[in-house]
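> Protein chains in written order, with our numbering: chain D, 1 to 111; chain C, 112 to 222.
C-beta atoms are modelled at their ideal positions from N, C-alpha and C, and glycine is treated no differently.
2 protein chains.
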Amino acid sequence: MAYSKKSEFESDEIKASEIAKALSHPARVAIIKFLVKQKSCICNDLVAHLPLSQSTVSQHLKELKTAGLITGEIDGPRVCYCIDKENWKKAKEIFGELFNMKFEAMKNKCC
Amino acid sequence: MAYSKKSEFESDEIKASEIAKALSHPARVAIIKFLVKQKSCICNDLVAHLPLSQSTVSQHLKELKTAGLITGEIDGPRVCYCIDKENWKKAKEIFGELFNMKFEAMKNKCC
DNA sequence: AATATATATCGCAAATATACGATTAATAAT
DNA sequence: ATTATTAATCGTATATTTGCGATATATATT
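#1: Counting only C-beta atoms, is Pro-77 (chain D) closer than 7 Å to chain C at any point?
#2: Excluding sequence positions up to five away, which residues of its chain have a Cβ less than 7 Å from the Cβ of Gly-179 (chain C)?
#3: Please report the straight-line C-alpha distance between Leu-117 (chain D) and Val-190 (chain C), rounded to a whole angstrom.
#4: From what residue to what residue does the alpha helix (DSSP H) around Gly-207 (chain C) run?
#5: Going by C-alpha to C-alpha distance, which of C:Ala-216, C:Lys-200, C:Cys-154, C:Lys-213 sits closest to Asp-186 (chain C)?
#6: What would DSSP say about Cys-191 (chain C), mapped onto helix, strand or coil?
#7: Under three-state DSSP, which class holds Glu-113 (chain D)?
#8: For Ser-128 (chain C), which residues in chain D fall below 8 Å Cβ to Cβ?
#9: Rounding to the nearest angstrom, what Cα-Cα distance links Ser-4 (chain D) and Leu-163 (chain C) in this structure?
#10: With contact counted as at least three CB pairs below 8 Å, one residue from each stretch, are the segment 7–19 of chain D and the segment 115–126 of chain C in contact?
#11: Would the beta-carbon of Glu-124 (chain C) fall within 7 Å of that of Pro-26 (chain D)?
#12: Which same chain residues end up closer than 8 Å to Ile-94 (chain D) when comparing Cβ atoms and leaving out the 5 residues on each side of it in sequence?
#13: What does Leu-52 (chain D) reach in chain C if we use C-beta pairs closer than 7 Å?
#14: By Cβ distance below 7 Å, which residues in the same chain neighbour Ser-169 (chain C) in space, the five residues on each side in sequence not counted?
#15: Taking all protein chains shown into account, do 16 or more other C-beta atoms lie within 10 angstroms of the C-beta of Thr-71 (chain D), making it buried, or fewer, making it exposed?
#16: Which word fits Ser-166 (chain C), buried or exposed, when buried means at least 16 other C-beta atoms lie within 10 angstroms of its C-beta?
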């Protein structure tokens, strides 16, 4: 693979794929669910809840943060992670657009 | 990485992550959009539409097919790809559940 | 039968993701 | 001040993904 071609696509396609990528590992889906359900915001509680080591959970958190889906605020010696509600809403809209696209009239007979 | 831990998560988390994974590359989002908009079902037209080689497009199509989001029917010397409407609907529901989760009352002050 | 067209698969190289233990850094408690 | 706790980062091994050209396969056309 000489170089990635991702940038050659339309920006809405790139944006949707980035959110999808952030959610493409069950650990990250589990983290989002945990935070929405507010079982706790504390990183350590997430580590306890997931079948992964602390360093691995930290990496997954970083990815979700980079994608903008969560925020992380230092709270004493802990870090409190929260859903970024603004971006979460945007993500919902982006996926809504994708999944609510209307099927256009067929130009081929096969489907 | 000794082994993958993906199977240790809940089945709904795994399912959501699998759909997300299928949509985690802009080419695959573009393919879905193209098929929903029915610009064509023919593989060759997809290749012409995307900035990728024929073999690479074929691989992306295979991934979408494996994820169940599209079907591929042989039509003479061509293959006609279509959205699997049943599974597309299911995918929409799975993402709907994720994005429509209600935020529970806070147990921490930070968010 | 020979040729052209369309698509899948193989083989490979490079990039990225997954996972962990060890280490570091920063705060809290003693 | 020392120690304990929490979380990020580093280093590393392995797995997976991305991408392409070459090749194989299968149908259509001549």
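Working from what's here:
#1: no
#2: Answer for Gly-179 (chain C): Asp-195, Asn-198, listed in chain order.
#3: No answer is possible for residue 117 (chain D): it lies beyond the span of chain D, which begins at 1 and ends at 111.
#4: Taken as a continuous stretch (DSSP letters only), the alpha helix (DSSP H) holding Gly-207 (chain C) covers 196–210.
#5: C:Cys-154
#6: Secondary structure of Cys-191 (chain C) (DSSP, three-state): strand.
#7: Coverage of chain D is limited to positions 1 through 111, which leaves residue 113 (chain D) absent and any answer about it impossible.
#8: Leu-23, Ser-24, His-25, Pro-26, Arg-28, Val-29
#9: So the two alpha carbons sit approximately 10 Å from each other.
#10: no
#11: yes
#12: Asp-12, Lys-15, Ala-16, Ile-19
#13: Lys-116
#14: none
#15: buried
#16: exposed
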